[in-house]
Structures are given as C-alpha cells and as structure tokens.
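Heads up, the sequence shown is in our numbering, so the first residue is 2 and it goes up one at a time.
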Amino acid sequence: MKSSTLGYIALPPSPYVIPMQPTLPPMPYLGARLRALLTLIEQVQSSTEPYHTLYDCCCDHGYLGIKLLRKNLCQHLHFNDQVPHLIDDLQQRLDDYPADAITPSYSASAADAGQLQINPQNKSLIILAGIGGEHMVNILKPLLQRHSDHQLDFLFCPTTTQFDLREYLSLQKFSLIHESLVQERGRSYEVIHARWQQAHGLDPVSPTGAFWSASEQSHLDHLSKLIKHYQRRTLGDQKQQAQRVLGLYLTLWLSTTGTAFDFG
Ligand SMILES: C[S@@+](CC[C@H](N)C(=O)[O-])C[C@H]1O[C@@H](n2cnc3c(N)ncnc32)[C@H](O)[C@@H]1O
2 MKSSTLGYIA LPPSPYVIPM QPTLPPMPYL GARLRALLTL IEQVQSSTEP
52 YHTLYDCCCD HGYLGIKLLR KNLCQHLHFN DQVPHLIDDL QQRLDDYPAD
102 AITPSYSASA ADAGQLQINP QNKSLIILAG IGGEHMVNIL KPLLQRHSDH
152 QLDFLFCPTT TQFDLREYLS LQKFSLIHES LVQERGRSYE VIHARWQQAH
202 GLDPVSPTGA FWSASEQSHL DHLSKLIKHY QRRTLGDQKQ QAQRVLGLYL
252 TLWLSTTGTA FDFG
C-alpha cells in the first residue's frame, strides 16, 4: 500500500469555515434635511408613477445619491458636482461596491449643473439641494433654456434666499407638487417639489409658500426669521427690494396668524 502524505488526504469541510462575504462600505449617514428628501423620494418612487432617472446635482460627497442607489430607488442615477476631485473620489468609492450591491445604473459628471443634458425619454427628477436659492436660479436659467420643450420635475431645498428661487419659479410658471419645512440643527429649510410647465390640477408655486400653518411653531419661527431678515435688509443698499419682500411676508404672517407681526 502506498503511504499517503498529508498532501493527499482530502480533509472534510470544517464546520468553522465561514465563506468570505464581501464587506459593503457603510451606508452614508444623512442629517434630517437630506433624510426628508430621501423620504419624499421613497414615497414618490413607490407610487404608480415613479421617476426613471434621478439627478443628484451639486452632490458634494454624493451621500444622498449613494443612499438612493443602495435603496434601489430608481433605474438610473446621475451624480453631478462642479468640483472634479469630488466626482473622482465619489467614483472610487462607488467602485468599492461589488457588482451586485448596486442594482440601478449610475453615471457622474464634473460640470456646472446648468449644463446638464436631461434625457427627455426618461421621466426624471432633478435634485438641487444645499446651495442658495439665487444660485439655483443661475443653474435653472440655462437648463430651462436648453430644455424648453420638456416637462422637468425638480426637488429644491435651498439653504438661503428661498424667496429669490420661489419668485423665479412662480414667474416661470412652475407648478407645485408638494412643499414642506424641515429642521436640522436649529435651522429650517423649505423643500419644494415642483414641475416646470403648467400642469393640470396643480397650483402654481407661490413666491412666499402656501404651506404655512399657525399651529406649527416651526412655521411661525421660520416666518418670523424671514421677516426680521428682510426688515434688517431694508437698512442696506437694496432697500426697495427688501421692502417689497418684507411686505409680502408681513401679509403672509397676517393671513396665517390673524394678527399683525410684532417686531417687539
Ligand atoms: C454644501 S454642498 C451640497 C451637498 C448636498 N447636495 C446637500 O444638500 O447636502 C454644495 C455643493 O454644490 C456644488 N456646486 C455649487 N455650484 C454648483 C454648480 N453650479 N454646478 C454643480 N455643482 C455645484 C459645490 O461644489 C458643492 O460640492
């Protein structure tokens, strides 16, 4: 009989050997503001008319977009930021996922969001969050000009100057799908889901918002901050514009609360 060496002996599989699973990078943490956008998108995407493509514009590190991809909330997701190294870094982090960990397809562009080319074949939602309202208007102007025949849906969450954005949306005849207010670390942010081009059954976007409720303290606090902000600006170099916007917010305060605003 041939003597066997250890090398020839077929060992039975050890019960302690656990097959190697590729470890997925941790899900990015979202603060309350981005979580509110995620929740809204989850609701829309579970409806009968989901969007095919989501555009996470001005995405920075892409936290919202990655979460949308990992939760399989669209068929295609496009990341966009004007800073090339942010997009390179994001691309590398996405490459760390095993091929089957992210089901939707995705792409990325390092460019001004105003230069995006939206595919009219696919129902798309363009997310613009984390920049000021005036800056959003600068992005919208060329974007709308190049897509004048299309119906485009947007999800806006400006950090400042929301009046400038809203007034532009109302002049451009955007229709309101939904709007709300979200709090994060003592600050309030308006969330506006809107459709470019007038849409049957939808109201136009209001320059000051149409969601205010006197029974919501966060609404009164936000409105009060806006009134005091424009009151201060009436002392600056754009007095007339500030006076006009202040007048609109004071009228809104009166119609919401039934009392005149008390500057105390
Ligand atoms: C504060 S981050 C916002 C990140 C994320 N969207 C959010 O809401 O938290 C702002 C990002 O917008 C990008 N950005 C600013 N203007 C842009 C433009 N015109 N086109 C594309 N990206 C822009 C900046 O490079 C930056 O990464």
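Built from N, CA and C at the ideal position, the CB exists for glycine as well.
* Within its chain, find whatever has a CB closer than 8 Å to the CB of F80; leave out the 5 residues flanking it on each side and keep chain order. => The residue given as residue 80 occupies position 79 in the sequence shown. For F80, the CB contacts under 8 Å within the same chain, skipping 5 residues up- and downstream, are D57, C60, G63, G66, I88, L91, Y107, S108, A109, S110 in chain order.
* Asked: Would DSSP call L153 helix, strand or coil?
  -> For the purposes of this step, residue 153 is taken as residue 152 along the sequence shown, with counting starting at 1. Residue state, collapsed to three classes: strand.
* Asked: Under 7 Å from any heavy atom of ligand 1, does the C-beta of H79 make it?
  -> Translated into the one-based positions of the sequence shown, residue 79 becomes position 78. Outside the cutoff, so no.
* Asked: Residues in its own chain within less than 7 Å of Q163 by CB, not counting five upstream and five downstream?
  -> Here residue 163 is taken as the residue at index 162 of the sequence shown, counted from 1. Only G134, E191 meet the Cβ criterion.
* Which word fits T54, buried or exposed, when buried means at least 16 other C-beta atoms lie within 10 angstroms of its C-beta? -> Here residue 54 refers to the residue found at position 53 when the sequence shown is read from its first residue. Flag for T54 reads buried.
* How big is the Cα-Cα spacing for G248 and D165? -> Sequence index remark: in the sequence shown, residue 248 carries index 247 (1-based). Sequence index remark: in the sequence shown, residue 165 carries index 164 (1-based). If you take the alpha carbons of G248 and D165, they lie about 15 Å apart.
* Sub-8 Å separation of L182 and H151 beta-carbons -> Locating residue 182 in the sequence shown gives position 181, counting from the first residue. Locating residue 151 in the sequence shown gives position 150, counting from the first residue. No, they are not a contact pair.
* C-alpha distance - L39 paired with L69, whole-angstrom precision -> In the sequence shown, the residue the question calls residue 39 occupies position 38. In the sequence shown, the residue the question calls residue 69 occupies position 68. The straight-line gap separating the alpha-carbon atoms of L39 and L69 is approximately 7 Å.
* Among the residues of its own chain, which have a CB less than 8 Å from the CB of Q46, if the five just before and after it don't count? -> What you label residue 46 is simply residue 45 of the sequence shown in a count that begins at 1. Within its own chain, the residues whose Cβ lies closer than 8 Å to the Cβ of Q46, once the five positions on either side in sequence are excluded, are Y52, L74, C75, listed in chain order.
* To do: Hey, could you find the ends of the alpha helix (DSSP H) T252 is sitting in?
  => Translated into the one-based positions of the sequence shown, residue 252 becomes position 251. Run containing T252: 240-258, per the alpha helix (DSSP H) assignment.
* Asked: Can you give, in chain order, each stretch of the alpha helix (DSSP H) that sits fully within the segment 156-214 and has at least 4 residues?
  -> DSSP runs (the alpha helix (DSSP H)) wholly in the segment 156-214: 163-172.
* Asked: Short check: CB of I103 to CB of R71, under 8 Å?
  -> If you number the sequence shown from 1, residue 103 lands on position 102. If you number the sequence shown from 1, residue 71 lands on position 70. For the 8 Å CB-CB criterion, I103 and R71 form a contact.
* Inter-residue spacing [alpha-carbon to alpha-carbon] between L78 and K240 -> To locate residue 78, count along the sequence shown from 1; it is residue 77. To locate residue 240, count along the sequence shown from 1; it is residue 239. Straight-line measurement puts the Cα of K240 at about 43 Å from the Cα of L78.
* To do: Taking the CB atoms as reference points, tell me whether I193 and F157 lie closer together than 8 Å.
  => Taking the sequence shown and counting its residues from 1, the one referred to as residue 193 is at position 192. Taking the sequence shown and counting its residues from 1, the one referred to as residue 157 is at position 156. Closer than 8 Å, so yes.
* A33 and Q184 look like a contact to me (Cβ under 8 Å); what is the Cβ gap, rounded to whole Å? -> On the sequence shown, residue 33 is found 32 positions in, with the first residue counted as 1. On the sequence shown, residue 184 is found 183 positions in, with the first residue counted as 1. Yes, they are in contact, since the Cβ atoms of A33 and Q184 sit about 6 Å apart, within 8 Å.
* Can you find a heavy atom of ligand 1 that lies under 7 Å from the Cβ of G131? -> By one-based count along the sequence shown, residue 131 stands at place 130. In terms of side-chain proximity, the C-beta atom of G131 is found nearer than 7 Å to a non-hydrogen atom of ligand 1.
* **Close beta carbons around A243, own chain, < 6 Å, minus the five adjacent residues each side** => Within the sequence shown, numbered from 1, the residue matching residue 243 stands at position 242. For A243, where only same-chain residues beyond five positions count, the Cβ hits under 6 Å are Y231, R234, T235.
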